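Contents: one structure, followed by commentary.
Numbering (the working numbering), first residue to last: 580 to 700.
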């Protein structure tokens with residue numbers, strides 16, 4: 580879960596300040612934590628619908644954003660939300676109604692994220 584990943588990230592980040600040699604798994608945990616932290620930043624007085632939060636957090640937690648530079652996460656989030664609002668209202672409505680990501684929604688969201696990332700820059 581995201582809560583666990585962020586807790587691990589904070590713990591490892593604090594530890595990493597004192598050590599210089601990090602294995603690949605630790606480095607990946609740190610990199611993903613940076614991206615998840617960027618995803619969670621939200622402008623003041625700019626509320627986001629829960630189903631929209633779910634879609635961007637999904638992309639981060641599943642590792643689809645691991646190759647993006649942290650400085651591009653906010654740009655990705657804005658562009659992805661604009662895309663999903665205009666092209667996938669049905670998926671957003673399904674997530675809102677069901678209150679979770681079903682297997683069908685998961686498959687659709689995965690494909691949507693991968694397709695969007697392939698053309699994102």
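Backbone N, C-alpha and C define an ideal beta-carbon position, used for all residues, glycine too.
As the structure is a computational prediction, the values presented were derived from the model and not from experiment.
### Query
What residue from 625, 644, 688 and 628 has the CA that sits closest to residue 612's CA?
With distances taken between Cα atoms, residue 612 lies closest to 644.
### Task
Could you give the DSSP three-state label for residue 613: helix, strand or coil?
For residue 613, the secondary structure class from DSSP, reduced to helix, strand or coil, is helix.
### Message
Just verifying my parser: in three-state terms, what is the DSSP assignment at residue 655?
### Response
Helix.
### Task
Compare the beta carbon distance of residue 675 and residue 636 with 8 Å and say whether it is the shorter of the two.
The answer is no: Cβ separation not under 8 Å.
### Query
From residue 696 to residue 593, what does the alpha carbon distance come to, in whole angstroms?
C-alpha separation (whole angstroms): 31 Å.
### Task
Name the residue from 584, 617, 620 and 650 whose alpha carbon lies nearest to the alpha carbon of residue 604.
Among 584, 617, 620 and 650, the Cα nearest to that of residue 604 belongs to 584.
### Task
Measuring alpha carbon to alpha carbon, tell me which of 640, 586, 601 and 648 ends up nearest residue 692.
Checking every option, the nearest Cα to that of residue 692 belongs to 640.
#### Entry: Assigned secondary structure, residue 679 (DSSP; H/G/I helix, E/B strand, else coil)
Of the three classes helix, strand and coil, the one that applies to residue 679 here is coil, per DSSP.
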